[in-house]
Amino acid sequence: MFSDMPVIQQQTPWEMQKAVLFAIFVRELGARFGRFRLGYLWAILEPVAMVSVLCGVRVLFGNEDIEGLGFPVFFASGVLGYLLFQHIAIGALGAVEANQSLFNYQRVKPADTVLARALLEFVVFLATTAVMLLGLAWLGYIFHWRDTVLFFGTLGGLLMLSLGLGFALSVMGPLWQESKKIVPVLLRPMFFISGIFFSANSLPESWKFWAMINPLLHASELLRRAMFLEYTSEEGSLAYLWMWGLVSMFLGLCLYRVYRVKVVTSGSIR
Amino acid sequence: MFVAKDLTKSYAVKGGRHYVFRDVNFSIPEGVNVGILGPNGAGKSTLLRIMGGIDYPDSGEIDTNSTFSWPLGLKGGFVGHLTGRENCRMVCRLYGFNREQMADILEQVKSKAGIGEYFEEPVKTYSSGMGGRLGFALSLSFDFDYYLVDEITSVGDARFKKMAKLALEEKTATSRVMLVSHSMATIRDFCDIGIYLEGGNVEVFEDLEEAIATYQGKTDKLMVSLQPEKGLEEEWNDLPEYLQKAFAGVVSRIVSIEQKLQNEKVEITGLEEGFFTQLANALENLGDRTKAMQYHQKALEIEPRHVASLQKLMLLAEQAKQWTDAEKWAEALEQIQPHSPHLAMYRARKLIADGAPDRALTQLNETLAKHPDLPGPLLEKSRVLESMGELGPALEAQELAVEKFPKQPGLKKRLGQLLATTGDMQRAMLTAWLAEPTPANKEKFQKLAEQLSELDERLSL
């Protein structure tokens, strides 16, 4: 009857993985942007609100550019990158439980929920970045795109860093419920030390050493350097970011591997 | 095919571990429907989940090339706040179907699941039966080698069982079912072999009845160890143990009952007619018609208007060709239940025996008009028509019977025979096969083809 149906026995592992990721992606998309206007609105509203607050504070200290960029542009580029990291990591905490019923299907693994969510966050990041840049340009700020390769190179490192943490948190969340409250609190300080509203360049030498341990600071710097010709700071090392990214992936996947069975079978429904 | 080697599965419980399986080895052969039996907590659902790939053993190996459905249960695998349709779309996506394929599948599922417009309602509003039907209907749209069904879906809902049986029959060439159930009727209906789980052990029984007997663990308290009669020893010893026990049980119980009944001291007057009717039916099942009639008459002594026994006496007398007696009972029955379908059918058969088939036909048509939901009259009608040589109408009647009562394989078989008589050989064979899609039956047709070709070859030389 259905001779053109994908015969399950003949699907390659890659085809199966693609199908699963797509299915969960659509599901997460629906869950996030289901109530049409509210979902889309908040996706752009969150970074805009943060940038506005930062601008509001900044204005009190004067109106100069930071490292060659108008300060809203500076803040926006910092905020967006950081939010990508934060959303992937925090989202991973609840990814497994939100998609619990899907584990009834053999081809769905906990990692798939983390990856699908991360994929969604990445797409949202690209969209909101575009929207914000357009908005800022329309408001009159001047900036020119610099280095696409560096842009995606940085994103790659940032994503690995976020995903590594995400995998670790995805098994931690369900197995240790308190972590869902504790982790967001622990990550909160990162907002202040990741170069969202300051450049590494402006730090005194004694602080800089310690601050530069934070890979997110590197990510901020690199993103800005990649996006804006006008950006003057030369701080930030792609290699360092990637090193962190790889280690994070390794450790995260190790932890995931240990608990990936327990997290779907403990207290399972049927 | 499914082979488990040294399978171990345990859970942590207070004060240690509870082992569901411990180093079990078993192998499930290809091409059979499997019933999984065992007491509660024996690990049936766990085994099903392991087969479905959503739970993992602590150690051991599993060897299989077959694809398995997800474990089909209550609402498992559905997201509550999404509608039935949305849930099905999600699962289709998970398995890699694109939009056009999905549209076809959704239509099919909506009609098969039999939940009507609830398909467009959130799954959390469904009753457990509906959730089970939706899941099963959806899984049938995919081509799995094995469908894993957990008992909750099979208990109670007759409509659902009908759909499931039909669907599995359709897919019998490619797919089988692994069914967990506590209902022996369901297991017998769907399965060919049985697996019995208990106390950490898994045992595969190629004889389904043996598995059932092991599960039911019937040990008759009054065990007269029955010695086989002279000359029967060899056959007796070849019997499986549970059958030996069953046979011994039958004999010893009959002896015990008869002894008690003859014993004047036993309170016979307190027994109601139903007791004797049941006893008579049991003896009839064993084939002792004479004794059965005896006990039916005893029942009538107590309650002369007991319809069940009157009917049986009429039918048993007919079978024994004791027409005078049969008439006697028939007339008695007519006094009490003139519209009884059994009576009408008996009259029809008598008319056939007396050589008046057309009057029999009239009688049957009357009965059919009054009792459209009985298969018996339709079957008799087709028999009468066949005996009258009216093969066309006979075929019609039989086809109607099969259409209305698809669950009765006997009707299909007879349809096959009729078709063969009318010369419609292809349909006849197909019908015969569908009535009994067993491996043995498969061989039968192959052997027939070989035999006939041999005969044909001899003629051409």
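Protein chains in written order, with our numbering: chain A, 867 to 1136; chain B, -6 to 454. We treat Cβ as the ideally placed atom computed from N, Cα and C, and that holds for glycine. All figures in this text were calculated on a predicted structure; none of them were measured in a lab.
For residue j and residue i, the rounded distance between their alpha carbons
i	j	result
B/ARG407	B/GLU327	31 Å
B/TRP426	B/GLY69	35 Å
A/GLY905	A/VAL990	11 Å
B/GLY107	B/GLY125	11 Å
B/LYS435	B/MET177	26 Å
A/PHE937	A/PHE1058	16 Å
B/ALA241	B/PHE112	54 Å
B/GLY9	B/VAL17	20 Å
A/ILE1142	A/VAL1124	The question about residue 1142 of chain A has no answer here: the residues shown for chain A are numbered 867 through 1136.
B/GLU54	A/TRP1108	39 Å
B/SER470	B/GLU265	The structure shown has nothing for residue 470 of chain B, since chain B only spans -6 to 454.
B/GLY409	A/GLY896	53 Å
B/VAL395	A/GLU963	49 Å
A/SER918	A/THR994	15 Å
B/LYS437	B/GLN401	21 Å
A/LEU935	A/PHE1009	7 Å
A/GLU1100	A/LEU1016	13 Å
A/VAL1129	B/LEU367	54 Å
A/LEU1119	A/VAL1113	10 Å
A/ASN929	A/SER1068	16 Å
B/PRO297	B/ASP281	23 Å
Residue i classed as buried or exposed, judged by whether at least 16 other C-beta atoms fall within 10 angstroms
i	result
A/GLY1111	buried
B/LYS154	buried
B/TRP63	buried
B/ASP138	buried
A/HIS953	buried
B/HIS11	exposed
B/ILE329	exposed
A/GLN972	buried
B/THR283	exposed
B/SER168	buried
B/GLU455	Shown here, chain B extends from -6 to 454; a query on residue 455 of chain B therefore has no answer.
B/MET286	buried
B/GLY66	buried
B/PHE135	buried
B/THR317	exposed
B/GLY77	buried
A/ASN965	buried
B/ASP143	buried
B/TYR4	exposed
Interface residues of chain B facing residue i [CB-CB closer than 7 Å]
i	result
A/PHE888	ARG86
A/GLN972	GLY45, GLY46, ILE47 and TRP63
A/ARG893	MET83
A/THR994	By Cβ distance, chain B contributes nothing, its closest Cβ being about 26 Å from A/THR994, past 7 Å.
A/VAL1127	TYR49
A/THR1131	ASP48
Amino acids of chain A, ordered along the chain, whose beta-carbon sits closer than 8 Å to that of residue i
i	result
B/PHE137	ILE874
B/GLY125	In chain order: nothing, as chain A lies at least about 11 Å away.
B/GLY109	Correct list: empty, because the minimum Cβ distance to chain A is about 23 Å.
Chain B contact residues for residue i, given Cβ-Cβ distances below 9 Å
i	result
A/GLN883	Under the 9 Å cutoff, chain B gives no residues; its nearest Cβ is about 10 Å from A/GLN883.
A/ARG1090	Going along chain B, no residue has its Cβ under 9 Å from A/ARG1090, so there is no contact; the nearest lies around 38 Å.
Partner residues on chain A for residue i, Cβ-Cβ distance less than 7 Å
i	result
B/THR60	ILE874 and GLN875
B/GLY70	SER967, ASN970 and TYR971
Contact list for residue i against chain B, beta-carbon separation under 8 Å
i	result
A/PHE969	ILE47
Cut-off 8 Å between Cβ atoms - residues of its own chain near residue i, not counting five sequence neighbours on either side
i	result
A/ARG1012	ARG1091, ALA1092, MET1093, PHE1094, LEU1095 and TYR1097
B/LEU412	LEU388, MET418, ARG420, ALA421 and THR424
B/ASP351	MET381
B/VAL243	LEU279
Same chain, Cβ closer than 6 Å to residue i, neighbours up to 5 away in sequence not counted
i	result
B/PRO233	GLU203
B/GLY28	LEU172, ILE180, CYS184 and GLY187
B/VAL(-4)	SER20 and ASP56
A/ALA958	VAL980, GLY1032, LEU1035 and SER1036
B/GLU196	TYR189
A/LEU1021	none
A/LEU920	PHE941 and PHE1063
Interface residues of chain A facing residue i [CB-CB closer than 9 Å]
i	result
B/GLY467	A question about residue 467 of chain B goes unanswered here, because the residues of chain B that appear run from -6 up to 454.
B/GLY89	PRO872, ILE874, GLN877, GLU881, MET882, LYS884, ALA885, VAL886, PHE888 and ALA889
Practice task
Kindly confirm or deny that the segment 23 to 31 of chain B and the segment 89 to 98 of chain B touch, where touching means at least three C-beta pairs closer than 8 Å.
Solution key: no
Problem - Contact between the segment 39 to 59 of chain B and the segment 938 to 946 of chain A (3+ Cβ pairs under 8 Å) - result: no
Problem - Given 8 Å, three or more beta-carbon pairs between the segment 1037 to 1044 of chain A and the segment 1066 to 1082 of chain A - result: no
Exercise for the section: Count the C-beta pairs between the segment 331 to 344 of chain B and the segment 297 to 311 of chain B that are closer than 8 Å, then say yes if the count reaches three, no if not. Expected result: yes
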